[in-house]
Amino acid sequence: MTSKLFDIEAHARDFQNKGPADILRFAFRNFDNLAVSFSGAEDVVLIDIAKRINPDVKVFSLDTGRLHSETYRFLERVREHYNVELEILSPDAAQLETFVREKGLYSFYKDGHKECCGIRKIAPLRRKLQTLDAWITGQRKDQSPTRANVSVMETDFGFSNPRHTLYKFNPLANWTSKQVWSYIQANDVPHNELHSQGYISISCEPCTRQVLPNQHERAGRWWWEEETLKECGLHAGNLEN
Ligand code: SF4
Numbered sequence: 201m202t203s204k205l206f207d208i209e210a211h212a213r214d215f216q217n218k219g220p221a222d223i224l225r226f227a228f229r230n231f232d233n234l235a236v237s238f239s240g241a242e243d244v245v246l247i248d249i250a251k252r253i254n255p256d257v258k259v260f261s262l263d264t265g266r267l268h269s270e271t272y273r274f275l276e277r278v279r280e281h282y283n284v285e286l287e288i289l290s291p292d293a294a295q296l297e298t299f300v301r302e303k304g305l306y307s308f309y310k311d312g313h314k315e316c317c318g319i320r321k322i323a324p325l326r327r328k329l330q331t332l333d334a335w336i337t338g339q340r341k342d343q344s345p346t347r348a349n350v351s352v353m354e355t356d357f358g359f360s361n362p363r364h365t366l367y368k369f370n371p372l373a374n375w376t377s378k379q380v381w382s383y384i385q386a387n388d389v390p391h392n393e394l395h396s397q398g399y400i401s402i403s404c405e406p407c408t409r410q411v412l413p414n415q416h417e418r419a420g421r422w423w424w425e426e427e428t429l430k431e432c433g434l435h436a437g438n439l440e441n
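Taking the numbering used here, the leading residue of the sequence shown gets 201, the next gets one more, and so forth.
Written out as structure tokens, the structure is:
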């Protein structure tokens with residue numbers, strides 16, 4: 201663990217115009233106990249860059265139980281391609297069984313995604329983050345209105361508590377979708393085959409759909425809900441900005 205005096209806001213100012221590799225190098229220099237969160241989409245770029253800097257980088261992903269088969273196949277491809285130990289986190293079985301018994305498999309279309317995401321994503325993520333000092337995410341400012349102010353590094357108040365401060369690095373914060381795809385193509389980075397079928401922002405199968413040319417990428421996520429509420433809770437702090 202790094203010093204309690206670690207002033208991440210000051211470092212964020214220093215690094216606000218730096219590229220992902222510089223930000224990742226800084227993260228690895230200052231934290232031993234950190235891991236990359238990989239969603240199974242284009243944030244695979246993070247793994248590609250991180251592996252070049254730290255071959256022992258730890259990576260985890262959330263298996264909500266509702267992902268596309270293409271995403272499951274992609275997770276395995278990434279594991280093999282990078283020879284990375286990919287930790288797959290699952291929801292609590294008892295909590296999930298109760299939820300599905302009481303509300304069925306598609307309650308989110310009626311009363312919003314919050315409860316289902318809370319069980320399938322947030323609870324397992326919270327368990328994992330309690331074991332880390334910092335995590336690395338693929339959040340970008342251009343992904344949605346809720347992410348427009350994402351910093352390259354920050355204190356994660358959503359998952360910190362009085363006994364444990366958690367830091368979050370967002371090395372791709374300033375990159376555009378175009379830059380991400382240029383990197384993927386230039387470096388032959390494996391990608392989820394759903395991207396070739398018109399999907400951009402990929403989450404669970406029932407909550408993700410293709411977007412039309414010129415539509416914003418988040419238009420394909422929870423399309424039945426208000427634009428400014430489109431966070432699953434992994435980055436809940438964004439909604440308070
Ligand atoms: S994205 Fe949809 S299916 Fe996946 S956890 Fe959230 S509400 Fe549930």
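Yeah, the Cβ is synthetic: ideal placement off N, Cα and C, and Gly gets one too.
Quick one: give me the first and last residue of the beta strand (DSSP E) that residue i is part of.
i	result
Trp335	334 to 336
Tyr383	That residue, Tyr383, is in no beta strand (DSSP E); its alpha helix (DSSP H) goes 377 to 386.
Val236	234 to 237
Phe231	Per DSSP, Phe231 belongs to no beta strand (DSSP E) and is neither H nor E.
Val259	259 to 262
Ile288	286 to 289
Thr355	353 to 355
Whose C-beta lies closer than 8 Å to the C-beta of residue i among residues of the same chain, with five residues either side of it excluded?
i	result
Leu286	Phe238, Val259, Phe260, Ser261, Leu275, Val278, Arg279
Pro220	Val245, Leu246, Ile249, Pro371, Leu372, Trp375
Phe206	Asn230, Tyr367
Asp292	Ile319, Ala323, Pro324
Asp356	Leu329, Trp335, Leu366, Tyr367, Lys368, Gly437
Trp381	Glu242
Ser203	Note that Ser203 scores a pLDDT of 49, beneath 50, so its modelled location is shaky; the value from the coordinates is reported in the next line. Once the five neighbours on either side are set aside, Ser203 has no close Cβ partner at all.
Tyr306	Pro406
Arg363	none
Val352	Ala212, Phe215, Gln216, Lys218, Ile223, Phe369, Asn370, Pro371, Ala373, Asn374
Arg273	Glu393
Which residues in the same chain have their Cβ closer than 6 Å to the Cβ of residue i, if we skip the five residues on either side of it in sequence?
i	result
Asp243	Gly338
Tyr383	Val245
Asn254	Phe228
Phe299	Ile319
Glu297	none
Cys142	This structure leaves residue 142 out entirely; the chain is present only between 201 and 441.
Alpha helix (DSSP H) containing residue i: first to last residue?
i	result
Ser269	269 to 282
Phe308	308 to 311
Lys368	Note, Lys368: premise wrong, no alpha helix (DSSP H); beta strand (DSSP E) at 367 to 369.
Arg213	208 to 215
Arg421	Looking at the DSSP string, Arg421 is not in any alpha helix (DSSP H), and its letter there is neither H nor E.
Gln415	Per DSSP, Gln415 belongs to no alpha helix (DSSP H) and is neither H nor E.
Ile255	Residue identity differs from the one stated: residue 255 is Pro in this sequence, not Ile. Segment: none, Pro255 is in no alpha helix (DSSP H) and carries neither H nor E.
Thr298	293 to 303
Pro324	323 to 329
Lys314	314 to 317
Could you give the C-beta distance for residue i and residue j, rounded to a whole number, given that I count them as a contact under 8 Å?
i	j	result
Leu394	His268	6 Å
Glu354	Ile208	6 Å
Gly304	Thr271	Not a contact, Cβ separation roughly 23 Å.
Leu434	Lys341	In fact, because the Cβ distance is near 16 Å, the residues do not count as touching under 8 Å.
Quick one: residues in its chain with C-beta nearer than 7 Å to the C-beta of residue i, no 5 flanking neighbours on either side, listed in chain order?
i	result
Asn441	In this prediction, Asn441 has a pLDDT of 31, which is less than 50 and means its spatial position is unreliable; nothing more can be read from the coordinates.
His281	Pro390
Gln410	Gln397, Gly398, Tyr399, Gly420
Gly265	Pro291, Arg320
So, does the segment 261 to 270 touch the segment 283 to 303, judging by three or more C-beta pairs under 8 Å?
yes
Could you check whether the segment 299 to 312 touches the segment 221 to 236, counting it as contact only if at least three pairs of C-beta atoms, one from each stretch, sit closer than 8 Å?
Not touching, per the Cβ criterion.
Could you tell me whether the segment 415 to 424 touches the segment 396 to 406, using the rule of 3 or more Cβ pairs below 8 Å?
yes
Check each residue's C-beta against every heavy atom of the ligand SF4 and list, in chain order, those closer than 6 Å.
Thr264, Arg266, Phe308, His313, Cys316, Cys317, Arg320, Lys321, Ser403, Cys404, Pro406, Cys407, Cys432
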